[in-house]
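Colleague:
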Amino acid sequence: MSVKNHIFTAGEGSLKIELQATFSDDGLVCQLYGGDKSHIGAVVLTLPRPSLKKDYQISCNSSVLPLLGHKEDELAKPIAEKIAKHFNQTVVVVAGIHVEDASDNDIKALITNCWLCVEELLKAH
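In terms of UniProt numbering, the sequence shown opens at residue 1 and continues consecutively.
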């Protein structure tokens, strides 16, 4: 059995995002937290598969479980699918990001920081 943990961060203060990625022998578990309060806002399970439309491309089947009143699923699903396609492995993403009274610019910065963490993960492996 081989399990490896990696942590990637982007941003500062209440706009800081942390991506914890755990690589198992057959899949990844990613925890995406940030803002003022880390929590569970959504869970996504993504399974890569051959595309039904384009030869030699990977697509995904995803199951999404958002908590009532949370919007992390809108970010967690595309992130899970990008990671699953890159590694061609099953991926679970647990996401919880909260900034009290976040402005539109705060939300844009949080989204950017999430994707910066994802890009660092993809580059690292």
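Glycine included, each C-beta is placed from N, C-alpha and C at the ideal position.
1) The alpha helix (DSSP H) with T112 in it runs from where to where?
2) Relative to the C-alpha of F89, which residue among H125, E120, K54 and K37 is closest?
3) Strictly under 8 Å for the Cβ-Cβ distance: is E120 near chain B by that measure?
4) May I have the straight-line CA-CA distance separating L15 from A76, to the nearest angstrom?
5) Can you give me the Cβ contacts of G69 inside the same chain, cut-off strictly under 6 Å, excluding the 5 residues immediately before and after it?
Modeller: Quick look at the numbers:
1) D104 to A124
2) Checking the sequence shown, residue 89 turns out to be Gln, not Phe. That would be H125, whose Cα lies nearest to the Cα of Q89.
3) Annotation note: the requested chain B is absent from the structure, which comprises a single protein chain.
4) 17 Å
5) none
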